[in-house]
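Engineer: Below is one structure. I have some questions about it.
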Amino acid sequence: MSLLISALAVAVVGCGGGSSSSSSSSSSSTSSTASAAETGSGSSGETETTADSSSSEGTGAIKAVWQKPHGEENKVGYELLKASETRYLAKSLASAFELPDTLTIKGVNGFGGGPFYNPEDNSITLPYEFTTVVLGVVAQSDPEESQYEWGEAVGAVDSFILAHEFAHALIHNFELPVLGREEDAADGVATALLLLASEGSVYAADAAEFWLNFSGRQDPPQLAEYADNHSFDRQRADNILCWIGGAEEELLVAFVENEVLPESRAVSCPGEWELLRRSVEQVMEPHLEHALNLQPGIGAEAEREEAEEEKKSAAER
Ligand SMILES: [Zn+2]
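My numbering applies: residue 7 is where the sequence shown begins, and numbers increase by one.
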C-alpha cells in the first residue's frame, strides 16, 4: 500500500465555521431536487457543481454528494470514507437534531484546506486525500498493526472529524452561544457526542492519538500557527484526552500512569468534563428532537443498507 506520508508536509487542517472558507469546490448552491434515490451510481445531473459526482443520496435533513475519485490517493480516501461510519453518524446526528436546513456532506477530490464546514451553504466538505493522510499518519505511528486496525482507527478519526464539523453546523443552524474559541468548542461538542456512543471513548481516544501523531507538522510552530483559530494539534489531543479521562476515572489514571497526560492537567479534568457536559446539555437540549442513537448498531445497519444498495444497483445493471 502506498502511503502518503509526504503529503503531511502540505497539511493544513482547515475546518472553518464562521470564517468564509476558501472552499476548494466552487459550489455555491446544490441542486434543488435532493431526490431520495440511493442509486449507487450514474445519477447524472444531480448536482450541477459536480458533473462527475458518482452518487448522491438524500434523507431529508441530510444529503451526501460524492465526487467520483480521481487517482489512487483519492480512491484510497474515498473507499475509507465510504467504509467508515461517517455517513451513518451524519444521518443519525442530523435526524436527532432535525436541522432547519438540509445539511450537505460533500466528498471531494484532493486535500484543499482539509475538512471544513461552510455556513454559506450549510455543507461539510470532506476531502478524500485528507482521509488518505489520516491513514498515512495512523500506519506510520503503528506500523505493527494490521490493515484492519488501521482502518478502524481511520474510521474513528473520520467520525471525530465529522462530529466536529457537525458541531459547527449546530452552532450556525441554531445560532448557539459560543463563549471561547469556536474551534475548541467544536472539539468539545464532538467529544461529548462521541462519548454518548458506547465505545465512544475508544473513538475519541483514537482521534486524540491522531492529533498527537499529527502534531509533528507543527514542530516548531510557525507564526501563522500561533495565530490560527485552531489550537495546536497537541493541545487538541490533550483536551480530548482530558475530557475522556474526566468522564472515566480509570482512563484518567491510566493516562497519567502511561504519561499520556501530565498530572498537572489531569487534576482539573473531572471538573473540565463536568463543565463541558453540563454546557453541551444545556445548549443542545432545546434542539434535540429525537434521542441520539449513536450506538454501534449503526455500523451493522450500515452494512445491511450497503449490501442492499449493492444488490439493487447490481439488479439494475
Ligand atoms: Zn473546525
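For every residue, glycine included, the Cβ atom is placed at its ideal position computed from N, Cα and C.
Note that this is a predicted model, so its numbers are computed, not measured.
Does the beta-carbon distance from His76 to Asn124 come in below 8 Å?
Structural biologist: Translated into positions along the sequence shown, residue 76 becomes position 70. Translated into positions along the sequence shown, residue 124 becomes position 118. No, the Cβ-Cβ distance between His76 and Asn124 is not below 8 Å.
Engineer: Apart from the five residues just before and just after Trp156, which ones in its own chain have a Cβ nearer than 8 Å to its Cβ?
Structural biologist: For the purposes of this step, residue 156 is identified with residue 150 of the sequence shown, where counting begins at 1. Hits under 8 Å: Leu141, Val144, Ala145, Asp148.
Engineer: Taking the Cβ atom as the reference point for each residue, do Ile246 and Ala214 lie within a distance shorter than 8 Å?
Structural biologist: Here the question's residue 246 lines up with position 240 in the sequence shown. Here the question's residue 214 lines up with position 208 in the sequence shown. Yes, Cβ-Cβ distance for Ile246 and Ala214 is below 8 Å.
Engineer: Tell me where the alpha helix (DSSP H) around Phe220 begins and ends.
Structural biologist: On the sequence shown, residue 220 is found 214 positions in, with the first residue counted as 1. Taken as a continuous stretch (DSSP letters only), the alpha helix (DSSP H) holding Phe220 covers 206 to 220.
Engineer: At a cut-off of 7 Å, would you count Glu327 as near ligand 1, judging by its Cβ distance to the nearest heavy atom?
Structural biologist: This structure cannot settle anything about residue 327, because the visible part of the chain is limited to 7 through 323.
Engineer: Sorted by chain position, which residues of the same chain lie with C-beta nearer than 8 Å to Pro268's C-beta, five sequence neighbours on each side aside?
Structural biologist: For the purposes of this step, residue 268 is taken as residue 262 along the sequence shown, with counting starting at 1. Correct list, in chain order: Val262.
Engineer: What span of residues does the alpha helix (DSSP H) with Ser152 cover, start to end?
Structural biologist: Position 146 of the sequence shown, counted from the first residue, corresponds to residue 152. Counting along the chain, Ser152 falls outside any alpha helix (DSSP H), and DSSP gives it neither H nor E.
Engineer: Using the three-state DSSP reduction, which class does Ser129 fall into: helix, strand or coil?
Structural biologist: As a first step, residue 129 must be located in the sequence shown, where it is residue number 123. Of the three classes helix, strand and coil, the one that applies to Ser129 here is strand, per DSSP.
Engineer: With DSSP collapsed to three states, give me the class of Gln241.
Structural biologist: Against the sequence shown, residue 241 aligns to sequence position 235. Residue state, collapsed to three classes: helix.
Engineer: Taking 7 Å as the line, does the beta carbon of Glu126 fall inside it for any heavy atom of ligand 1?
Structural biologist: The residue you call residue 126 lines up with position 120 of the sequence shown. Incorrect: Glu126 has no Cβ contact closer than 7 Å to ligand 1.
Engineer: According to DSSP, which residues form a beta bridge with Asn124?
Structural biologist: Here the question's residue 124 lines up with position 118 in the sequence shown. In DSSP, Asn124 forms a bridge with Ser129.
Engineer: Got a sec, what are the start and stop residues for the beta strand (DSSP E) Thr110 sits in?
Structural biologist: Counting from 1 along the sequence shown, the entry for residue 110 is found at position 104. Segment 109 to 114, the beta strand (DSSP E) holding Thr110.
Engineer: Quick one: what's got a C-beta closer than 6 Å to Gly83's C-beta in the same chain, skipping five residues either side?
Structural biologist: Along the sequence shown, one-based indexing puts residue 83 at 77. Contacts found: Tyr134, Glu135, Thr137, Thr138.
Engineer: Would the C-beta of Ala192 count as close to ligand 1, meaning under 7 Å from any of its heavy atoms?
Structural biologist: As a position in the sequence shown, residue 192 is number 186, starting the count at 1. Yes, ligand 1 has a heavy atom inside 7 Å of this Cβ.
Engineer: For His170 versus Ala192, is the C-beta spacing smaller than 8 Å?
Structural biologist: Numbered from its first residue, the sequence shown carries residue 170 at position 164. Numbered from its first residue, the sequence shown carries residue 192 at position 186. Taking 8 Å as the Cβ cut-off, His170 and Ala192 qualify as a contacting pair.
Engineer: Between His296 and ligand 1, is there a pair consisting of the residue's CB and a ligand heavy atom that are separated by less than 7 Å?
Structural biologist: For the purposes of this step, residue 296 is taken as the residue at position 290 of the sequence shown. Outside the cutoff, so no.
Engineer: Under 8 Å between the Cβ atoms of Trp217 and Ala243?
Structural biologist: Position 211 of the sequence shown, counting from 1, holds the residue named residue 217. Position 237 of the sequence shown, counting from 1, holds the residue named residue 243. In contact: Trp217 and Ala243 (Cβ atoms closer than 8 Å).
Engineer: Comparing alpha-carbon positions, which option in Ala272, Val71, Gln241, Ser319 lies nearest Leu109?
Structural biologist: Position 103 of the sequence shown, counted from the first residue, corresponds to residue 109. Ranking Ala272, Val71, Gln241, Ser319 by Cα distance to Leu109 puts Val71 first.
Engineer: Please list, in chain order, all residues of the same chain as Leu294 whose beta carbon is under 7 Å from its beta carbon, the five residues on each side excluded.
Structural biologist: Position 288 of the sequence shown, counted from the first residue, corresponds to residue 294. Correct list, in chain order: Ala102, Phe103.
Engineer: Tell me whether His178, by its Cβ, gets closer than 7 Å to a heavy atom of ligand 1.
Structural biologist: Start at 1 with the first residue of the sequence shown, and residue 178 comes out as number 172. Not so, every heavy atom of ligand 1 lies at least 7 Å from the Cβ.
Engineer: Which of helix, strand or coil does DSSP assign to Val286?
Structural biologist: Along the sequence shown, read from residue 1 onward, the residue named residue 286 stands at position 280. If DSSP states are grouped into helix, strand and coil, Val286 belongs with the helices.
Engineer: On the premise that Ala272 lies in contact with Leu282, defined as a C-beta separation below 8 Å, what is that separation, rounded to the nearest angstrom?
Structural biologist: Indexing the sequence shown from 1 puts residue 282 at position 276. Indexing the sequence shown from 1 puts residue 272 at position 266. Not a contact, Cβ separation roughly 15 Å.
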